[in-house]
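Asker: Residue numbers (the UniProt record's numbering): 1 to 772.
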Amino acid sequence: MSGNGDTREPRPTRRSVVATGGAVAGAALVGASGLAWAAPASAADRRIRLADNGHTPYQIYCGAGEDSTTRHAADELAHYLKAITSATFPVVVADDPPANAEVLVVGRKNPLLRRFGNPDPTGLGEDGFALRTRGRTVLVAGANPRGTLYGVYWILDRLLGVRWFSADFTIVPRVRTLDVPIARLNGDQVPRFAYRQMYAGDAADPAYRHHNLLNGNRGWDDDDIPAALDTWSTYWPAKPFGGTWRAMVPDQTLWAGGQILAMDERTRQMAADNLVATIRKRIADGLDPSSGFDQQDADWQPDPASKAFVDQHGGALSAAVVDLANDVVTRVRKKIPQARISTQAYWFSFAPPTGIRVDDAVVLTVAPIQANFADSLFADDNAEIGRQMLTWCGLANNIVVWDYLIDFASYIQPFPDYWAMADGIRVMADHPQIRGYFGEHAYNAVGSEFVHLRTWVLGRLLWDPHQDADKLIGEFLDGYYGPAATHVYRYMRLLRQSVEDTGTRLTVSASPASPYLNFDTMVAADDLMAQAEAAVRDSADLRKHVQAVRLGVDYVILLRASDFQRTARDRGIDWDPDTRNRLDRLEEEIRAAGLTRISEGGGTPEDLLRQLRIATAPATPPATVAGLPPEDWADYQEPALRLYAPVTTILDDTAASNGYTVQMPGNRPDWGVQLPLDSLPTTGSWKVYVTVRADTGSAAPDAAAMVAGVYPPFGNERAIKVSEVADGKYHELELPGVYQYDAANPRYVWIAPPNSSDVAYVYVDRVFVVRA
């Protein structure tokens, strides 16, 4: 607006606010007397007084030409300054600035910019910003509006102590007199990583993401984001997840071995043509000129031409992927010079090739899904993975690392990567080719394990990776859990130590029977969580936060109650899982966490409760283990098994060892019941057994009633004949092979119906293992 300007009260924030009397970070607290702390004479310690006993002469000024994002930044600054000091900071939007010197200038489109020497935006990138003072006037200006918004949030957070710990829990200090060091209000701030995203259901709120300086929006295609907040990085091609080989090369004759014919001219031209059409449509819709061009999430047995090219470049399948992307983007850029695409170093294409580089118009997504997430991505058990990632840094100038931050088989299971995740980011920061980070958490659920801690800590490290991660974790715990912080920290350390002591490999689908979740660890965790909840019993908000953590502990204990009771009995320990009360408490914890989904594959809270009721049902030991000590066998009932929902149903069955069984129709071939063998004890060799029965009807005695085996390899299986289970009773049957714990080379037990209508149903009571 031109003329005399528009003076208005800021719009209220949508965030819930918790007031505290804590110190303001980087600012001086002044009492009601108006006397500041001893005012040093040195220039480095001079301060600007923003508020004096709940009053201020300051106005917040935006040029009339600023967009909605910059105006929103001004409104947010006014809102939180008032929340901190009780003083009203009017927002002025006008061509001409206020006449007084006490002005907080927000944005670049105003005549006051010249007073600050027109700060050069060249080195700020998309999200960086300049802070300047001239006398009592302060400037915060990004190279673009999002940078200005982040400048405001940086001041509120880093200097004034506002903490957006979750979308509905914000800490705001309360001080009526506020002095800020001038030195902290001068300088440029630029994030280390150009692209920063936490992909979690609890981090979907756009205001929460921006408050924590997270600029990624991949995977969220929200139509209802307010215009002022709908500003995201376009560095990583495609929104939401963009194109795939399947989308760009739909001709099935150009596919073989699970992926496309990468070296075929027809493949490349079809991909280029479809990418040109896709990108042109994006441009017409006002979007950036980019698209994904990513492999299918499957293995690849390459065709002869692709295999020959691979063999010429070190034997790495990624060679054909890179050459394909390079050629296709060159074709696309002949028609759209500014076009960019993405491709992946993931799964079969993770190992880098020799003798070929990635075109600068291709953003390479490096996704180490096979890592041990208990360690840094670049050290210890991940040393080879780290070496390969750094080799990619020598082959590509534009890399986004796709990290994994949760157990995708159980979103509430403890996943102690808390310090390792930060160690990896520090190494990435030393390699300028890594320009983005995408942390995949429980993206399709709310209420997952430590999601707010990871979002807040990683948000800060992605801006400045060389901060002390342990101190950041401690700060979050203090703010989010209050008096329970010490107990929660000890709990986190307990889990981390258990992973180290047991040598467990922390994978993206670790079993709840994993060695680090053993009896001793979980009993100690249970005690720490009881202390934590007692410490916050008088605060409804803090108690909910603690309950969301305790949910994971109660989940594991209930799931393994029978196993733990057996361990306690054999050790002569008086231990009671207190099943009924624990189940009741877990229901309350589910509500406190707001849990909406159990795992990536699905499952409701109601499904979880039924699963746990099954898990706590006592089970009769297998006849095979009669007389064996408990350390020589392990039992895996329904909750520990992976069940393929379309073909499996859990039924009550009085003949089953725990009163429940898994039913599958006989006319299906699916490997419907599975058990990952990373749930084996970490020492020793083990034989695998299944306890099964079948409704065989009139099926021939020599026909297969079901098939069971261990994969890989294919063919390592046993066809269970009708004659073996024709009596309708459960039978304990041994599978071929002897196995050891080896999470680096995952294997799993599988059981499948015979794909025959002659067998009505097959039933799986349990899988168990016996020391060989």
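Just so it is clear, CB atoms sit at the ideal spot from N, CA and C, and this is done for glycine as well.
Note that the structure is a prediction, hence the values are computed from the model and not measured.
Select from Ile434, Arg435 and Gly479 the residue whose C-alpha is nearest the C-alpha of Trp456.
Answerer: Measuring from the Cα of Trp456, the nearest candidate turns out to be Gly479.
Asker: Enumerate in chain order the residues of its own chain whose CB-to-CB distance from Gln388 is below 7 Å, with the five nearest sequence positions on each side excluded.
Answerer: Cβ neighbours of Gln388 beyond the five flanking positions: Phe350, Ala351 and Pro352.
Asker: Please list the terminal residues of the continuous alpha helix (DSSP H) segment that includes Tyr150.
Answerer: Segment Pro145 to Trp154, the alpha helix (DSSP H) holding Tyr150.
Asker: CB Tyr235 to CB Tyr195, shorter than 8 Å?
Answerer: Closer than 8 Å, so yes.
Asker: Is Thr85 helix, strand or coil when you go by DSSP?
Answerer: Here Thr85 sits in helix by DSSP.
Asker: Report the rounded CA-to-CA distance for Arg163 versus Leu542, giving the unit in angstroms.
Answerer: Each residue's Cα considered, the two are about 15 Å apart.
Asker: Exposed or buried, what is Val722 when buried is set at 16 or more other beta-carbons lying within 10 Å of its beta-carbon?
Answerer: Val722 should be labelled buried.
Asker: Give the secondary structure of Val764 by DSSP, where H, G and I count as helix, E and B as strand, and everything else as coil.
Answerer: DSSP places Val764 in strand when its eight states are reduced to three.
Asker: Are at least three pairs of beta-carbons, each pair with one atom in the region 619-631 and one in the region 462-479, less than 8 Å apart?
Answerer: The region 619-631 vs the region 462-479: no contact.
Asker: In chain order, what residues of the same chain have a beta carbon less than 7 Å from the beta carbon of Leu317, not counting five sequence neighbours either side?
Answerer: Cβ neighbours of Leu317 beyond the five flanking positions: Trp300, Pro302, Val310, Phe348 and Ser349.
Asker: In the region 634-715, which residue ranges form an unbroken beta strand (DSSP E) of at least 3 residues, counting only runs that do not cross its ends?
Answerer: Those beta strand (DSSP E) runs which fall completely within the region 634-715 and span 3+ residues are 649-652, 660-665, 673-676, 686-695 and 704-711.
Asker: Would you give the residue range spanned by the alpha helix (DSSP H) that Phe169 belongs to?
Answerer: Unbroken run through Phe169 is the beta strand (DSSP E), Phe169 to Pro173; no alpha helix (DSSP H).
Asker: In whole angstroms, what separates the C-alpha of Ile260 from that of Asp584?
Answerer: Taking the straight line joining both Cα atoms gives about 52 Å.
Asker: If we ignore side chains and look at the alpha-carbon of each, how far apart do Ala525 and Val553 end up?
Answerer: Answer to the nearest angstrom: the Cα atoms are 7 Å apart.
Asker: Would the beta-carbon of Gln637 fall within 8 Å of that of Val749?
Answerer: No, the pair does not count as a contact, with Cβ atoms beyond the cut-off.
Asker: State the DSSP-derived secondary structure class of Trp220, mapped to helix, strand or coil.
Answerer: DSSP places Trp220 in coil when its eight states are reduced to three.
Asker: With 16 other CB atoms within 10 Å as the buried threshold, where does Arg693 fall?
Answerer: So Arg693 counts as buried.
Asker: Evaluate Thr69 with the Cβ neighbour count: other Cβ atoms within 10 Å of its Cβ, from every protein chain shown; 16 or more gives buried, anything less gives exposed.
Answerer: Classification of Thr69: buried, given that the 10 Å Cβ count is 16 or more.
Asker: Return helix, strand or coil for Ala561, following the three-state DSSP convention.
Answerer: Helix, per DSSP.
Asker: Are the region 758-767 and the region 711-719 in contact at 8 Å, needing three or more beta carbon pairs?
Answerer: The region 758-767 vs the region 711-719: no contact.
Asker: Assign Gly482 to one of two classes, buried (16 or more other C-beta atoms within 10 Å of its C-beta) or exposed (fewer than that).
Answerer: Burial call: buried.
Asker: Which value, in whole angstroms, describes the spacing of the CA atoms of Gly242 and Phe293?
Answerer: If I take the Cα positions, the gap works out to 7 Å.
Asker: Could you tell me which residues DSSP puts in a beta bridge with Ile260?
Answerer: Paired residue(s): Trp255.
Asker: Just to confirm, is the Cβ distance from Arg134 to Phe116 under 8 Å?
Answerer: Result yes, Cβ atoms of Arg134 and Phe116 sit closer than 8 Å.
Asker: When the Cα atoms are used, what is the spatial distance from Ile155 to Leu517?
Answerer: Rounded to the nearest angstrom, the two C-alpha atoms are 42 Å apart.
Asker: Just grab the DSSP bridge partners of Lys335 for me.
Answerer: DSSP lists no partner for Lys335.
Asker: Report the residue ranges of all alpha helix (DSSP H) runs contained in full by the region 486-564; include only those spanning at least 4 residues, in chain order.
Answerer: If we require 4 residues or more, the alpha helix (DSSP H) runs fully inside the region 486-564 come out as 519-535 and 540-559.
Asker: Helix, strand or coil for Asp120? Go by DSSP, reduced to three states.
Answerer: Here Asp120 sits in coil by DSSP.
Asker: Give the range of the alpha helix (DSSP H) segment to which Thr267 is assigned.
Answerer: First-last of the alpha helix (DSSP H) with Thr267: Glu265 to Ala284.
Asker: Compute the Euclidean distance between the alpha carbons of Asp359 and Ala396, then round it to the nearest angstrom.
Answerer: So the two alpha carbons sit approximately 7 Å from each other.
Asker: Where does Ser657 land, buried or exposed, given buried means 16+ other C-beta within 10 angstroms?
Answerer: Per the 10 Å Cβ criterion, buried.
Asker: Are the Cβ atoms of Ala752 and Pro646 separated by less than 8 Å?
Answerer: No, Cβ-Cβ distance for Ala752 and Pro646 is not below 8 Å.
Asker: Please list the terminal residues of the continuous beta strand (DSSP E) segment that includes Tyr195.
Answerer: Per DSSP, Tyr195 belongs to the beta strand (DSSP E) from Tyr195 to Tyr199.
Asker: Whole angstroms is fine: what's the gap from Asp297's alpha carbon to Leu50's?
Answerer: Roughly 54 Å between the two C-alpha positions.
Asker: Could you tell me the distance, in whole angstroms, from the CA atom of Arg176 to the CA atom of Lys82?
Answerer: Rounded to the nearest angstrom, the two C-alpha atoms are 9 Å apart.
Asker: Using alpha carbons as the reference points, say which of Pro512, Ala634 and Gly602 lies closest to Gln413.
Answerer: Among Pro512, Ala634 and Gly602, the Cα nearest to that of Gln413 belongs to Pro512.
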